[in-house]
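First comes the structure, then the notes that go with it.
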Ligand SMILES: Nc1ncnc2c1ncn2[C@@H]1O[C@H](COP(=O)(O)OP(=O)(O)OP(=O)(O)O)[C@@H](O)[C@H]1O
Ligand SMILES: Nc1ccn([C@@H]2O[C@H](COP(=O)(O)O)[C@@H](O)[C@H]2O)c(=O)n1
């Protein structure tokens, strides 16, 4: 850049549930002074709005008809990300089992994806120093020109153990089944399914600590940033 400021760096981190996308992305963004966007929170927020407003989740046409109504605003500070719907803080309500069990159906509706993708691109292009965006289709669809694409994986057993630890020892088998079912729905939808971009770096986190994954991704971002 002419004034010597670093060019913004765009990082896409995708992968199935519980692979460590949020924890890694937040920490990497905080370390490198970048913005951070949790796109799953946006799909959860629109799902929360549908549920709260009595929209039939089994009816894609009904969902499509109102997909443009809620105003979803994401705060992108990695030290304190926020999410509101029509001015209401929904950071807590979007994490309930009710929302988690219905989010795949809502996020499969093309009109919902078009709406949320537009918000994501607007945030990514206005992030001054750059941004880490995490989700399922960031590298393939939302930001195909990202400077770095990472695809995190981990065995279903490792992911279930991590999640049931978070849920104060919830049954590991039930947790595993629920996340495998959600991944299957997210991977098989027609519009921008969960998928690894051809040019993404795959990191299997099964045997890695969270700190090791963070260090690995920080190094990858620094390499890309230095090469810009
Ligand atoms: N490498 C790791 N080793 C051990 N625990 C981890 C690792 N990575 C993440 N975790 C833990 O696993 C849990 C899930 O991580 P996180 O929420 O970051 O995953 P995610 O991929 O964003 O999940 P989702 O897509 O469902 O939102 C968290 O409790 C996190 O601290
Ligand atoms: N880019 C994305 C991100 C998320 N989704 C959908 O949202 C669900 C919740 O995501 P979490 O990361 O909060 O677990 C996820 O299961 C997908 O249905 C998406 O479609 N695209």
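Numbering (the UniProt record's numbering), first residue to last: 1 to 228.
Cβ atoms here follow ideal geometry from the backbone N, Cα and C, with glycine treated the same way.
- Residue state for residue 195 is assigned as coil, using DSSP reduced to three classes.
- About 20 Å separates the CB atoms of residue 97 and residue 39; that is not less than 8 Å, and the two are not in contact.
- Residue 190 is classed as exposed because its beta carbon has fewer than 16 other beta carbons within 10 Å across all chains shown.
- Cβ contact annotation for residue 228 (same chain, cutoff 6 Å, sequence separation greater than five): 7, in chain order.
- Nearest Cα to residue 79 within the set 23, 87, 90 and 92: 23.
- Non-local beta-carbon contacts of residue 19 in its own chain, meaning distances under 8 Å to residues more than five positions away in sequence, involve 152, 153, 154, 159 and 205 in chain order.
- Under DSSP, residue 12 forms a beta bridge with 133 and 149.
- Sequence-distant partners of residue 208 (beyond 5 residues in either direction) whose C-beta falls short of 8 Å from its own C-beta, in its chain, are 216.
- Between residue 113 and residue 104, the beta carbon gap of about 12 Å keeps them out of contact (Cβ cut-off 8 Å).
- According to the DSSP assignment, residue 35 belongs to the beta strand (DSSP E) that extends over 35-38.
- Residue 202: member of the beta strand (DSSP E) spanning 201-204, first to last residue.
- In the three-state DSSP reduction, residue 66 falls in the helix class (H, G or I).
- Closest option to residue 92, judged by alpha-carbon separation, among 218, 193 and 42: 42.
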